[in-house]
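Chemist:
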Amino acid sequence: AAVSLASHIYPSIGEQKVLFVGAGEMVELTATHFAAHHPRRLSFANRTLERAEQLADRFRGRPLTLNDLSSQLAAHDIVITCTASPRPIIGKGLVESALRVRKHRPMLMFDLAVPRDIEGEVGALDDVFLYTVDDLGKIAREGMDARQNAVSQAEVIIENQVTDFMHWVGNRELVPTIRALRDSGERARRHTFERALRRLAKGDDPQMVLEQLSRSLTAKLLHAPTHALSHSREEDREELARLLSRLYQIARPE
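This note's numbering applies: residue 62 is where the sequence shown begins, and numbers increase by one.
In structure tokens form, the structure reads like this:
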């Protein structure tokens, strides 16, 4: 969560100088995540210099003691603390001095210790973004909730897309049948229309020609379904009648 939050505040962690205060497992784990982003500098401050040197060797950083904080804090943009100290080791005054040296360039600070390593008043300073372990836990939970919501939304989107795709595939499979049906209707229309034109050219009564045209076209279009229904097997007749009623949107008599 600390690395993710730092990535949102700073455009590139690779341009920042990071200070770790403490040398326990939490610091080691957090340093591993930060090191993967190749920050400009990694520094490790600890009560015993030997342990700080061990971490510095592993992560190619600089070892410091806690006494160095007063002079070195200002040189770092991101500070992560997690010691076993019973009282804060970074106070408001120390941070204020560092900010003056930095000409009030902002600092991002993560206090992962319980009890706290950084005085709570530090969070009230204008140029400091201070997050405690409780804050990070909340952010992590919110991130998990957001991911779960995203998963749910993705499932809905995928389901809808699959439905649309299958509908499209179904339509694609029906294209030849639909085209053949339209072609058949078009042939019937053209044949009936041409015959009507010939009758009109001969001088037949237009109203009678149109009446005959409509009757003939209706008969041609309904011939295939009525023939199929009347010549269907008895066991298929009910299903075929139901399908024709649905296709032609007609109500079947009770």
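For every residue, glycine included, the Cβ atom is placed at its ideal position computed from N, Cα and C.
Identify, in the order they occur along the chain, each residue of the same chain with its Cβ nearer than 7 Å to the Cβ of P267, setting aside the five sequence neighbours on each side.
Modeler: L261
Chemist: Which term fits N107, buried or exposed, when burial requires 16 or more other beta carbons within 10 angstroms of its beta carbon?
Modeler: buried
Chemist: How would you write the range of the beta strand (DSSP E) that V156 sits in, first residue to last?
Modeler: From DSSP, V156 is part of no beta strand (DSSP E) but of the alpha helix (DSSP H) over 153-162.
Chemist: Of all Cβ atoms in chain B, is any one closer than 8 Å to the Cβ of R276?
Modeler: Structure shown: chain B not included; a single protein chain is present.
Chemist: Among S275, V270, T238, P237, which residue has its Cα nearest to the Cα of A249?
Modeler: S275
Chemist: Which of the three DSSP states is assigned to S293 in this structure?
Modeler: coil
Chemist: Note down, one range per segment and in chain order, each beta strand (DSSP E) of at least 3 residues found wholly within the stretch 81-108.
Modeler: 102-107
Chemist: Express the C-alpha separation of G83 and L155 in angstroms, rounding to a whole number.
Modeler: 17 Å
Chemist: Using the beta-carbon count (16 or more within 10 Å), is T253 buried or exposed?
Modeler: buried
Chemist: For T279, collect the residues of the same chain with a Cβ closer than 6 Å to its Cβ; drop the 5 residues on either side in sequence, then sort them by chain order.
Modeler: none
Chemist: Quick check on the burial criterion: 16 or more other C-beta atoms within 10 angstroms. Buried or exposed for I311?
Modeler: Exposed, because fewer than 16 other Cβ atoms sit within 10 Å of the Cβ of I311.
Chemist: In the structure shown, what three-state DSSP assignment does V189 receive?
Modeler: strand
Chemist: Kindly give me the distance between the Cβ atoms of L173 and V189, rounded to whole angstroms, as I take these residues to be in contact under 8 Å.
Modeler: No, L173 and V189 are not in contact; Cβ-Cβ is about 16 Å, not under 8 Å.
Chemist: For H137, count neighbouring Cβ atoms within 10 angstroms of its own Cβ and tell me buried if that reaches 16, exposed if not.
Modeler: buried
Chemist: Hey, R177 and P149 are a contact pair by Cβ (cut 8 Å); roughly how many whole angstroms apart?
Modeler: 6 Å
Chemist: List the endpoints of the continuous beta strand (DSSP E) containing R123.
Modeler: 123-126
Chemist: Sorted by chain position, which residues of the same chain lie with C-beta nearer than 7 Å to Q77's C-beta, five sequence neighbours on each side aside?
Modeler: Y71, P100, R101, D138, I139
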